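Student: Here it is, the structure in full.
Residue numbers (the numbering used here): 13 to 118.
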């Protein structure tokens, strides 16, 4: 009888641990799905020319002009774009530009 009780207790603990692991996995999966859904609106552009110099305003205006041209050629409206920015620190290499679109289906 004590062996049966010990086995039942052990089985109950295993069931409890399995349930906790399952809940953790579900939370991770949901979090991953939300993250992917959020990132689905992002587009990364490479090799877009970058203006030299230290004037941030001129750099932003230059990028804005380039992005508007690219969006126009791609057949998108300017209001489809939420924001954009260069990735990484300024260097001699061309930095990619991250576009965030209003809708992932564009």
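We put the beta carbon where it would ideally sit given N, CA and C, even for glycine. Every value quoted in this text rests on a predicted model; they were computed, and no experiment measured them.
Using 8 Å for Cβ pairs, my map puts residue 112 next to residue 96. What's the rounded Cβ distance?
Tutor: 7 Å
Student: Check each candidate in 79, 50 and 110 and name the one with the smallest Cα separation from residue 56.
Tutor: 110
Student: Since residue 110 is in the beta strand (DSSP E), which residue starts that stretch and which ends it?
Tutor: 109–113
Student: Buried or exposed: where does residue 76 fall if 16 or more other Cβ atoms within 10 Å of its Cβ makes it buried?
Tutor: Within 10 angstroms of the beta-carbon of residue 76 lie fewer than 16 other beta-carbons, which makes it exposed.
Student: At what residues does the alpha helix (DSSP H) containing residue 70 begin and finish?
Tutor: 68–85
Student: Residue 98 lies in the beta strand (DSSP E); which residues open and close that run?
Tutor: 93–98
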